[in-house]
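Residues 1 to 360 (full-length UniProt numbering) make up the sequence shown, in order.
Below you'll find the structure, written out as structure tokens, and then a few comments.
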Amino acid sequence: MKTICLIGGKLQGFEVAYLARKSGIQVHLIDRKNKPLIRNSVDKHFCFDITEKPERLIELSRHSNAIIPTNENPGTLLFLKKIEPELHCPLLFDFAAYDTSMHKKRSREYFKSIDIPIPSDKPQSPPYFVKPPCMSSSRGARIIDNESELADIDDSMVIEEYVPGPVVSLEVVGDGNNFMIGQQTQVHIDQEHDCHRVTPMETDVNFREITHLLASNLCLKGIMDVEAILSPEGIRVIEIDARFPSQTPTVVYHSSGVNLLEWLMETIAGNIRENKPLPVGKQCNYEHLMASDGKLIPVGEHVLSGGDDYRLFHESNGLEIFKCWGKRPTYTLICSGTTQHEMCDKRKKAIQLIKSDMKQ
């Protein structure tokens, strides 16, 4: 049995652990917290700080097929980059690509250098879209409708043209020379500009070409997701993130049958080959619902990060429910079916199970 070692026990780690379970891969988690969020979703948890005990990481690498960083802590990632030559298994992370993607202003310059269509960074009038300058957080992101509100915006924030339209995502895995592109998904955004729901879509040919161009010019060695807006004027890329994403890979798995973790592991063997667009084989609905005053409220994934424990609550054919314990219980529903009707029936069953749990 293959074994992977994750560095970080929050949502990125949960996504990888979920796909590993589907592929029969054992998961070891390293997290310095005694009780990381996903401790009950992995096979073993090793509680230590890799920057303080690198020898333990090196030893664990002897018994692993790969190490995957599943956090965005700058100090941790810098340490992993330095210690990589001493590890006994591959470290599946592209530090150069991540360095470009984590800085939103830097990535915008990259987009411009290869003529990628993006929202204007010098809009003439509101509305404006403001977002954080680094990493994949949506905290602080908002739409500004009034020119006077710009005076209160921190200079570090990215201010760009607000572009209306559905937000879409596409993952790509590369070995530096060849690139395999997954299935397009729609990312449903809540009022705080965080993702609360994901559904599959047929892949737009233009978006696929843009994704390939972005990955090939970075000589990507790892996984990256590309987010864009399907505006009335065409696709506008809003960001890239060269790290294992959360939420969308699960929908790709259930709707197309492709396990993006398996693709990432194939980079070790050099088995990455250019692929054709993936069709939507099954319908899938992935969403987060928080229990509040006897009701279920759609919430973004940031709510899960504040929880104490995140684990499987129910599993049956075409339906999985994960429960996150925190200030208020939050449930993740993964419903799939060959038809929209079948998928909706699974969701109705999920709601009944959750409401029953809420009464206990």
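Virtual Cβ for every residue (Gly too), placed ideally from N, Cα, C.
If you're wondering where the values come from, they're calculated on a predicted model, not measured in any experiment.
Report all residues from its chain with a CB closer than 8 Å to the CB of residue i; omit the five preceding and five following residues, and keep chain order.
{"i": "Asp49", "result": "Arg32"}
{"i": "Met157", "result": "Val130, Lys131, Pro132, Pro133 and Gly140"}
{"i": "Leu87", "result": "Leu57, Ile58, Ser61 and Ile67"}
{"i": "Gly318", "result": "Cys335, Ser336, Gly337, Glu342, Met343 and Lys346"}
{"i": "Ala20", "result": "Ile4, Gln26, Val27 and Leu261"}
{"i": "Gly234", "result": "Pro117 and Asn206"}
{"i": "Asn178", "result": "Ile272, Arg273 and Glu274"}
{"i": "Asp121", "result": "Arg108, Val158, Ile159, Glu160 and Glu161"}
Cutting at 7 Å between CB atoms, please list the residues of its own chain near residue i, excluding the five before and the five after it.
{"i": "Ser292", "result": "Arg328"}
{"i": "Leu230", "result": "Gly165, Pro166 and Val168"}
{"i": "Glu287", "result": "His196, Arg197, Pro298 and Leu333"}
{"i": "Ile268", "result": "Ala66 and Pro90"}
{"i": "Ser23", "result": "Asn259, Leu261 and Glu262"}
{"i": "Arg236", "result": "Pro117, Ile118, Pro119, Val163, Ala228 and Ile229"}
{"i": "Pro126", "result": "Ile144, Asp145, Asn146 and Glu147"}
What residue does the alpha helix (DSSP H) around residue i start on, and which one ends it?
{"i": "Glu342", "result": "Gln340 to Lys359"}
{"i": "Glu15", "result": "Leu11 to Ser23"}
{"i": "Leu218", "result": "Val205 to Leu218"}
{"i": "Glu55", "result": "Pro54 to Ser61"}
{"i": "Thr248", "result": "Thr248 to Ser256"}
What does residue i pair with, by DSSP beta-bridge criteria?
{"i": "Ala66", "result": "Ile4"}
{"i": "Phe129", "result": "Ile143 and Glu160"}
{"i": "Leu91", "result": "Ile67"}
{"i": "Met224", "result": "Val172"}
{"i": "Asn285", "result": "Cys335"}
{"i": "Val27", "result": "Ile4"}
{"i": "Pro298", "result": "Leu289"}
{"i": "His188", "result": "Arg197"}
{"i": "Thr267", "result": "DSSP, once it has assigned bridges, lists no residue as partnering Thr267."}
{"i": "Leu230", "result": "Ile235"}
{"i": "Phe46", "result": "Ile30"}
{"i": "Thr330", "result": "Met290 and Cys324"}
{"i": "Val167", "result": "Val187 and Ile229"}
May I have the straight-line CA-CA distance separating residue i from residue j, to the nearest angstrom?
{"i": "Glu55", "j": "Lys276", "result": "43 Å"}
{"i": "Ala350", "j": "Cys335", "result": "8 Å"}
{"i": "Tyr310", "j": "Tyr18", "result": "12 Å"}
{"i": "Ser255", "j": "Pro123", "result": "38 Å"}
{"i": "Leu312", "j": "Val16", "result": "15 Å"}
{"i": "Asp190", "j": "Lys323", "result": "20 Å"}
{"i": "Leu29", "j": "Ile83", "result": "18 Å"}
{"i": "Gly300", "j": "His188", "result": "9 Å"}
{"i": "Val163", "j": "Ile153", "result": "19 Å"}
{"i": "Cys47", "j": "Asn34", "result": "6 Å"}
{"i": "Thr76", "j": "Glu160", "result": "31 Å"}
{"i": "Cys219", "j": "Pro85", "result": "20 Å"}
{"i": "Ser41", "j": "Asp175", "result": "29 Å"}
{"i": "residue 365", "j": "Val226", "result": "As shown, the chain starts at 1 and ends at 360. That puts residue 365 outside it, with no answer to give."}
{"i": "Asn146", "j": "Lys53", "result": "51 Å"}
{"i": "residue 364", "j": "Tyr110", "result": "The chain is shown only over 1 to 360; residue 364 falls outside these bounds and no answer can be derived."}
{"i": "Gln183", "j": "Met201", "result": "7 Å"}
{"i": "Arg142", "j": "Glu192", "result": "7 Å"}
{"i": "Leu353", "j": "Pro74", "result": "40 Å"}
{"i": "Asp43", "j": "Met180", "result": "29 Å"}
Under DSSP, the beta strand (DSSP E) around residue i begins and ends at which residues?
{"i": "Arg311", "result": "Asp309 to Ser316"}
{"i": "Gly75", "result": "Element bounds for Gly75: not the beta strand (DSSP E) but the alpha helix (DSSP H), Pro74 to Ile83."}
{"i": "Glu239", "result": "Gly234 to Asp241"}
{"i": "Ile181", "result": "Phe179 to Ile181"}
{"i": "Lys323", "result": "Leu319 to Trp325"}
Which term fits residue i, buried or exposed, when burial requires 16 or more other beta carbons within 10 angstroms of its beta carbon?
{"i": "Gly257", "result": "exposed"}
{"i": "Pro36", "result": "buried"}
{"i": "Trp325", "result": "exposed"}
{"i": "Met265", "result": "buried"}
{"i": "Glu315", "result": "exposed"}
{"i": "Pro232", "result": "exposed"}
{"i": "Lys112", "result": "exposed"}
{"i": "Lys355", "result": "exposed"}
{"i": "Met1", "result": "exposed"}
{"i": "Ser246", "result": "buried"}
{"i": "Ser107", "result": "buried"}
{"i": "Ile240", "result": "buried"}
Give a single yes or no on whether residue i has its beta carbon closer than 7 Å to a heavy atom of the ligand SAH.
{"i": "Gly300", "result": "Here there are no bound small molecules, and the ligand SAH is not part of this structure."}
Go through its chain and collect everything with a Cβ distance to residue i's Cβ below 6 Å, but skip five positions before and after it.
{"i": "Ile223", "result": "Val173, Phe244 and Leu264"}
{"i": "Gly13", "result": "Leu6, Ile38 and Thr70"}
{"i": "Phe95", "result": "Lys81"}
{"i": "Gln283", "result": "Gly337, Gln340 and Met343"}
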